[in-house]
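Asks:
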Amino acid sequence: MTATATNQDADTELVIAKTEQLLRDYPPATTDRREFLSAQFDAGLAWVHFPKGKGGLELPRSLQHEVYVRLEEAGAPNGQMGNQLGYSMGAPTVLAWGDEQQHERYLRPIFLGDERWCQLFSEPGAGSDLAAVATRAVKDGDDWIMNGQKVWNSMASISDIGMLIARTDPEVPKHQGLTYFVIDMHAPGVEVRPLRQMTGEAEFNEVYLTDVRVPDAARLGAISAGWKVSMATLMNERVMFASEGMDKGPVETALDLYRERDHHEPELRTRMIDMWIKGRVLTLSNQRAAANRAAGTPGPEGSTGKIGYAELQQKGYELCLDLLGDESLLYDSYEMHEFTLESLKERPTKIDPRRRFLRSRANSIEGGSSEIMHNILAERVLGLPPEHRVDKDVPFSQVPRG
Amino acid sequence: MTATATNQDADTELVIAKTEQLLRDYPPATTDRREFLSAQFDAGLAWVHFPKGKGGLELPRSLQHEVYVRLEEAGAPNGQMGNQLGYSMGAPTVLAWGDEQQHERYLRPIFLGDERWCQLFSEPGAGSDLAAVATRAVKDGDDWIMNGQKVWNSMASISDIGMLIARTDPEVPKHQGLTYFVIDMHAPGVEVRPLRQMTGEAEFNEVYLTDVRVPDAARLGAISAGWKVSMATLMNERVMFASEGMDKGPVETALDLYRERDHHEPELRTRMIDMWIKGRVLTLSNQRAAANRAAGTPGPEGSTGKIGYAELQQKGYELCLDLLGDESLLYDSYEMHEFTLESLKERPTKIDPRRRFLRSRANSIEGGSSEIMHNILAERVLGLPPEHRVDKDVPFSQVPRG
Amino acid sequence: MTTTEETEELRRTVRRFLDQRSTEAEVRRLMEDETGYDPAVWKQMAEQIGLQGLAIPEEFGGSGFSYNELRVVFEEMGRALLTAPFFATVALAANALIECGDDDAKKAYLPGIASGETIATLALSEERGGWDDKAVTLQASGSGSDWTLTGGKRFVPDAHVADLILVAARTADGISLFAVEKGAAGLSTEVELTMDLTRKLARVTLDSTPAQLIGTQGQAWNGLRRALRFAAVALAAEQVGGAQKVLDMTVQYSKERFQFGRPLGSFQALKHKMADMLVDIESAKSAAYDAARAVADGDADVELSASVAKAFCSETYFRTAAQGLQLHGGIGFTWEHPIHLYFKRAKSSEFLLGSPVYHRDLVGQALGI
Amino acid sequence: MTTTEETEELRRTVRRFLDQRSTEAEVRRLMEDETGYDPAVWKQMAEQIGLQGLAIPEEFGGSGFSYNELRVVFEEMGRALLTAPFFATVALAANALIECGDDDAKKAYLPGIASGETIATLALSEERGGWDDKAVTLQASGSGSDWTLTGGKRFVPDAHVADLILVAARTADGISLFAVEKGAAGLSTEVELTMDLTRKLARVTLDSTPAQLIGTQGQAWNGLRRALRFAAVALAAEQVGGAQKVLDMTVQYSKERFQFGRPLGSFQALKHKMADMLVDIESAKSAAYDAARAVADGDADVELSASVAKAFCSETYFRTAAQGLQLHGGIGFTWEHPIHLYFKRAKSSEFLLGSPVYHRDLVGQALGI
């Protein structure tokens, strides 16, 4: 019963030592934010699993946690804050598919917060069927001219760079004709409009692209390799979704509400307990998934997390409303708020459970709907036969759409 | 607000009058069973919706109820008893697809109980995909030679006639090469074996057919018309399934168990109430379906009944077991009983809820699985696109099976 | 009992009217409008098709039809998300009057409701919510025919536009019912922001407000409870109508929306979900229609039927709306798509007149468990 | 804590053994056999792989491994439907002894269990069932070291083949634990017919039967309760193993079985159901593994973890078995197909050691609600 992972211990020690060194050399209290983050990048503590010289130390990704725990304790700035999409999804994609110049061009500005990133994948006609992207990019000399419409773009109104997939060849089957770009959100022809949602606010945007000129240097990966490149982005999105927001979630909110009120129908106690158990088991599953990933033996519990998360949010806030009773007939405000730099900073700690109840309906749609996640589990984990595909070997231009 | 259905009233009166006449002419107390039933057949009160001279009066089917209520009150014999499959499924099929000779040959013996019928449709390789029947019938002079295996045949061991579909042409798509026969269960080469089920008993049989010789006169409908003919049988089967067994069902059993015991976790009360509501709503739905059928405006509530019935049985007996508590760890008897003429007569009124619990698992499989019922509702009622069919236009002999 | 054809003719008439007068654009306009209804439409409903008086007895100015007809009207209104004080006036106030046992009050108020002149409502819940007798704590002062009310009521549908507010209050011998008319001294109303903007709920504040006693002092609860259950049956019919509309929208969308080169509705997992919605809604219809029949026939256990219908139809509507929203994908989450209006109506009508949890408990009591 | 590789090596060893020794044919033979286990296999389990003593402390003849390893053994036994008194001996009796606080008793009995010589069980429930202190009403007579027991116990796993029966009984100061050895005067056992024929449950009748007091008179309940919870964790691991096996069988079948010219597993509605089974089982594994870890680490709230695991894994196993049976269609309903054996094990293990309803109630108490 002795641990054999001595390597792992050595890695952990190295990361801790380097973090402590960074904090000694650049005391957070007296160091400018950009200067600190720049030093953190140089120390390889931005993404410890990245290559040396590119913000990392070539160590297991799980050790990044050790860095953040210590930086937060010391009150140091956080390089993800306000640029989660750039940090968690943009950077790994650039690293995996960009060339040396692109690594040089994009990684440091992401980490320093000089450039905020957003994602421009979904379209009105390409939701679950993401590869059905119809936004066209046509080569024009050294540039590409883009036209199309994107949707469900969070942060787009305050971002500098957009990760975008566009169709560069409509005459081949749909997965083959896509190319990946990182476009300048301030370029002429890029128009960002807030998209109001059922909660009243506008957390997302629509992005209209009209004759937007994008240099070929902003292409990530080869022409027509866009689908593969986008997978690098999406894999990281699902990790984000499955693990976020577990601090003061629906179960804790419900338990608080339950305890605040003095009497209850017995049915509510039953549901409260059931929900608490589900929440606990989901947390345990996420921990198990993280441990297995860290140990290099990822299991299906990674993919199941997103389904469980959505269900817990939805059923959990339904219970909250039942516990609120007739107050659930009312709402706090349907005024349309847009996402701004300010709202980003003041990240509210207590959101009305009725708003969260409405918001939770999107949890089973965004970032891969529960239906798509079920397909993935059935086909990739259980090895069941794939869906019958009518669009597989047909040029995109001839696939029925609507 | 006045009723306009004066025709209906006249029909009802006629049926009642004829029933009372029958009872006067053939007092049940002093009349032999066969004699009474024969007179009932001649009076057109066997199946009131059948043609005159063939057991009917050409009146709405719903009026049959009026007959049975009065006969039961008067203690008259019941022409369905012990031959439900012949009465409810065989007779309508013979009427719809048989010729005059066949009407003459089969209808009266069914009603008099001279010939008991069973159904030989399903096969090990043809369950939900019933049209995949592989039992072969090959023409040999005026006869057909049959070989194959049937399964899930209730009453087969005590039946005289089997409704059977067989493949007469394997070189056309599967629905087109089937033919319907009513075979003599006592013919050489017909072997009936009990099929033990998870409850311990053998309610069904397997039927092996080895070089069974069947005269062409036992063919119902045209050669290759078997699929259409079988629909007449199956339609009547679903009506049977959706309406049976609602007298002392799982909800009443659970309520009795609930009341017998003095204390309960609150969760059980919640589930008891929920189940009672579901049971009541299902009963109301069945009543609505019956009323709409009677009024000639059948709605989807007919097709939804079977799904609801299966679910109520399963969840209901699960609740019964929870109410029984640790007694549910035990069982009454796994001894293998077969279905006999005697067991048919003494139809037990109180079956152990643990046995019913096990039996209920078949409710969502037999007579069209819940999955198939969902397909039917989605495609026929909601008009959604049909499943992708790989076996539609392919000769049966070339369809992948397993 | 009417024949099916007559009921269906009524349905067609109401649907035709609402298709024109309660369009999505109109519903959205009224959602943002604090008044919350269109007086011209209200007048047409009364004068052209006589909806307000449909189930009011002929002797009190109505047409004397039964709940078998009225439930069709509520079904259609639920389908169209009609934004108007119809539920408050017809399901709550008219039922409370019909069940109050006070002929003078009936004569005084029912004809105005039937003709469309009077908008009315019932004020029961208070600060903490709830829809049973325990919810009523407001104390009336006075005696004989001289009463005043002081206190607050909440979650009162359309009180801000009501000409007549029926108020449940405590008196010496129990719960009594009072009539408070618009403009009465000390009466004020304030619309609250509702999750479901298509049904307005108001706070009512009473400050020594003169009120007319209806029925016998202290004896109002039995009638009120029956009225609340009858209103719950109307609500169940609304829920069934809304749920059917959501299914229709979803089926339609799934036939038109293509993903992976196929209509969404060709994916078996989605087909089965829609089939489940259908099973659920057909069951809910059975519960709602039977409860309406029980009201019409005056069944002895009509309150049980009402609780069954309210509990079952509430959950069916919510499940249907939630599933329908899911099957619409991202578009269903936007403000501009109508499905969230149904989703919010579904959730809110779960709570109105007592949640499914509450009504299931009542069913348990009726079963003696 | 062991590394994953070591645990997986243990799993492979146990699976290899059970693949040979607990085949379906063997399970079916033992189902019909009243003894209910194969003494040769029992001996091999102890002598070849040391399973009985795996988590018994080294000082009492065991190997001193923790529940992190033991749960793998139970998982595999659940998967193979092992029909043997292993659960009774190791999960119930050994835990009761380990938690009894009586070193003499441990020394007397644990080495025999570890070596495979002693088959043991715990008798708690009586005529009415139940798994808490209220279930224990049998009154012991005597004092000091001189006790006799008279009365009955029910639902006692494998009591009919046990060399040692630990009996919970009432004494002056509360619940006490007693050891009754095979052949004791007045002791008789009778196997009852179980729904799940792969686990035998017996009635135990005691008639002035001499019994040895274990631990302090009247102080046994705390240790017993812990032992019952630890046994519940073993059962949860069994359930997880059984559920995974059902999913494996179902996936396999759905790939091989063709209907409509396609494998069943190509139908999306069925694929999604199997995906749901997977999600469910992965969650159950998280609960069971964590509870085993909590036992191994001696967490303060280990009893809560055990109740969570028992409640969750019980229902997962049953849902999985029910769905698996459904997806097998008619063949799954036959006696000859093995899936009903899992279905019955699932349902029965829901009740054994307290139903999910009971354990959820305990969770509620722990939450203070």
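Residue numbers (my numbering), protein chains in the order written: chain E, 11 to 412; chain D, 11 to 412; chain S, 139 to 507; chain F, 139 to 507.
For glycine and all other residues, C-beta sits at the position ideal for the given N, C-alpha and C.
This structure is a prediction, so every number in the text was calculated from the model and none was measured.
What residues of chain S sit near Asp284/D, judged by a beta carbon separation below 7 Å?
Replies: Counting from 1 along the second sequence, the entry for residue 284/D is found at position 274. In chain order: Arg498.
Asks: By how many angstroms is the C-alpha of Asp334/S removed from the C-alpha of Gly356/S?
Replies: Mapped onto the third sequence, residue 356/S falls at position 218. Mapped onto the third sequence, residue 334/S falls at position 196. Whole-angstrom Cα-Cα distance: 34 Å.
Asks: Is any heavy atom of the ligand COA found at a distance shorter than 7 Å from the C-beta of Ala218/S?
Replies: The ligand COA is not part of the structure shown, which contains no ligands of any sort.
Asks: Do you know whose CA, among Pro295/F, Gly267/F, Leu402/F, Tyr455/F, lies nearest Phe225/F's CA?
Replies: Reading the fourth sequence from its first residue, position 87 is the one you call residue 225/F. Nearest option by C-alpha distance: Pro295/F.
Asks: Note down, in chain order, every chain A residue with its Cβ under 7 Å from the Cβ of Arg271/E.
Replies: Included in the structure are the protein chains E, D, S and F, with no chain A among them.
Asks: Apply the 10 Å Cβ neighbour rule to Thr103/D and answer buried if 16 or more other Cβ atoms are within range, or exposed otherwise.
Replies: On the second sequence, position 93 is the one that residue 103/D refers to. Looking at its Cβ environment, which holds 16 or more other Cβ atoms inside 10 Å, Thr103/D is buried.
Asks: What is the DSSP secondary structure of Trp285/S, reduced to helix, strand or coil?
Replies: Counting from one through the third sequence, the residue named residue 285/S turns up at place 147. Trp285/S falls in the strand class under three-state DSSP.
Asks: For Gly324/S, which of Glu441/S, Ala349/S, Trp359/S has the nearest alpha-carbon?
Replies: Against the third sequence, residue 324/S aligns to sequence position 186. Comparing Cα positions, the closest option is Ala349/S.
Asks: Just how far apart, CA to CA, sit Leu340/D and Glu330/F?
Replies: Reading the second sequence from its first residue, position 330 is the one you call residue 340/D. Reading the fourth sequence from its first residue, position 192 is the one you call residue 330/F. The straight-line gap from Cα to Cα measures roughly 7 Å.
Asks: Going along the chain, which residues of the stretch 382-408 of chain D sit with their C-beta nearer than 7 Å to a C-beta in chain E?
Replies: Result list: His398.
Asks: Taking a contact to mean a Cβ-Cβ separation below 8 Å, would you say Asn421/E touches Met99/E in this structure?
Replies: Any answer about residue 421/E is impossible in this case: the structure gives chain E only from 11 up to 412.
Asks: Are the CB atoms of Ala459/F and Val371/F within a distance shorter than 8 Å?
Replies: For the purposes of this step, residue 371/F is identified with residue 233 of the fourth sequence, where counting begins at 1. For the purposes of this step, residue 459/F is identified with residue 321 of the fourth sequence, where counting begins at 1. Taking 8 Å as the Cβ cut-off, Val371/F and Ala459/F do not qualify as a contacting pair.
Asks: Measure the C-alpha to C-alpha separation of Cys4/D and Ile193/D and round it to an integer number of angstroms.
Replies: Nothing can be reported for residue 4/D, as the shown portion of chain D is limited to 11 through 412.
Asks: Flag Arg279/D as yes if its beta-carbon sits less than 8 Å from any beta-carbon of chain E, otherwise no.
Replies: One-based indexing of the second sequence puts residue 279/D at position 269. Arg279/D counts as touching chain E.
Asks: Of all the alpha helix (DSSP H) runs that stay within the bounds of the stretch 85-169 of chain D, which reach a length of 4 or more residues?
Replies: Runs of the alpha helix (DSSP H) inside the stretch 85-169 of chain D: 101-107, 110-122.
Asks: What number of angstroms, rounded off, separates the C-alpha of Glu197/S from the C-alpha of Gly403/S?
Replies: Looking up residue 197/S in the third sequence gives position 59. Looking up residue 403/S in the third sequence gives position 265. Each residue's Cα considered, the two are about 52 Å apart.
Asks: Taking the C-alpha atoms as reference points, what is the distance between Leu55/E and Arg281/D?
Replies: Numbered from its first residue, the first sequence carries residue 55/E at position 45. Numbered from its first residue, the second sequence carries residue 281/D at position 271. Looking at the two C-alpha atoms, the distance is approximately 54 Å.
Asks: Count the CB pairs spanning the stretch 307-317 of chain E and the stretch 467-475 of chain S that are closer than 8 Å, and state whether there are at least three.
Replies: The stretch 307-317 of chain E, when compared against the stretch 467-475 of chain S, does not touch it at the 8 Å Cβ threshold.
Asks: Which whole-angstrom value is the C-beta distance of Leu205/D and Lys160/D, which I expect to be below 8 Å?
Replies: Locating residue 205/D in the second sequence gives position 195, counting from the first residue. Locating residue 160/D in the second sequence gives position 150, counting from the first residue. Leu205/D to Lys160/D, Cβ: 11 Å. No contact.
Asks: Tell me where the beta strand (DSSP E) around Ser314/F begins and ends.
Replies: Counted from its first residue, the fourth sequence places residue 314/F at position 176. Run containing Ser314/F: 312-319, per the beta strand (DSSP E) assignment.
Asks: Along the chain, which unbroken stretches of the beta strand (DSSP E) at least 3 residues long are found entirely within the stretch 306-386 of chain S?
Replies: Correct list: 312-319, 325-329, 339-352.
Asks: Applying a beta-carbon distance threshold of less than 7 Å, which residues of chain E neighbour His478/S?
Replies: As a first step, residue 478/S is located in the third sequence; it is residue number 340 there, counting from the start. Simply Met208.
Asks: Say whether chain D places a C-beta atom closer than 8 Å to the C-beta of Ala425/S.
Replies: What you label residue 425/S is simply residue 287 of the third sequence in a count that begins at 1. Yes, Ala425/S counts as interfacial toward chain D.
Asks: Three or more C-beta pairs closer than 8 Å, one from the stretch 382-397 of chain D and one from the stretch 404-420 of chain S: is that the case here?
Replies: Touching, per the Cβ criterion.
Asks: Using a Cβ-Cβ distance under 8 Å, would Gly466/S count as near chain D?
Replies: Locating residue 466/S in the third sequence gives position 328, counting from the first residue. Note on identity: in this sequence residue 466/S is His, with Gly being the wrong assignment. No - not a single Cβ of chain D is within 8 Å of the one on His466/S.
Asks: Just to confirm my understanding: we take Ser72/E, look at its own chain, exclude 5 residues before and 5 after, and list those with CB closer than 6 Å. What are they?
Replies: Counting from 1 along the first sequence, the entry for residue 72/E is found at position 62. Only Ala304 meet the Cβ criterion.
Asks: Between the stretch 397-422 of chain F and chain D, which residues of the former have a C-beta closer than 8 Å to a C-beta of the latter?
Replies: Listed by position along the chain: Gln397, Phe398, Gly399, Arg400, Pro401, Phe405, Ala407, Leu408.
Asks: DSSP three-state call for Tyr78/E: helix, strand or coil?
Replies: The count along the first sequence starts at 1 and reaches residue 78/E at position 68. Reduced to three states, the DSSP call for Tyr78/E is helix.
Asks: Can you pull the chain E residues whose beta carbon is under 7 Å from the beta carbon of Pro276/D, in chain order?
Replies: For this step, residue 276/D is matched to residue 266 along the second sequence. Those within 7 Å of Pro276/D in chain E are Pro276, Arg279, Thr280.
Asks: Along the stretch 316-328 of chain E, where does the CB come closer than 7 Å to a CB of chain F? Name the residues.
Replies: Cβ contacts with chain F come from Ile317, Gly318.
Asks: Could you name the residues of the stretch 359-393 of chain F whose beta carbon sits closer than 9 Å to any beta carbon of chain E, in the order they occur along the chain?
Replies: Under the 9 Å Cβ criterion, the stretch 359-393 of chain F contributes Leu385, Val389, Ser392, Lys393.
Asks: Spell out whether any CB of chain D is found under 8 Å from the CB atom of Gly502/S.
Replies: Numbered from its first residue, the third sequence carries residue 502/S at position 364. Chain D contact via Cβ: present.
Asks: Can you pull the DSSP bridge partners for Leu230/E?
Replies: Sequence index remark: in the first sequence, residue 230/E carries index 220 (1-based). Tyr190/E, per the DSSP bridge assignment.
Asks: Can you tell which of Thr29/E, Pro87/E, Pro61/E, Phe51/E has its C-alpha closest to the C-alpha of Thr40/E?
Replies: The residue given as residue 40/E occupies position 30 in the first sequence. Comparing Cα positions, the closest option is Pro87/E.
Asks: Which two residues bound the contiguous alpha helix (DSSP H) that contains Leu248/F?
Replies: For this step, residue 248/F is matched to residue 110 along the fourth sequence. Note, Leu248/F: alpha helix (DSSP H), 241-253.
Asks: Relative to the C-alpha of Ser452/S, which candidate in Ala193/S, Ser281/S, Ser487/S, Ala438/S has its C-alpha closest?
Replies: On the third sequence, residue 452/S is found 314 positions in, with the first residue counted as 1. Among Ala193/S, Ser281/S, Ser487/S, Ala438/S, the Cα nearest to that of Ser452/S is on Ser487/S.
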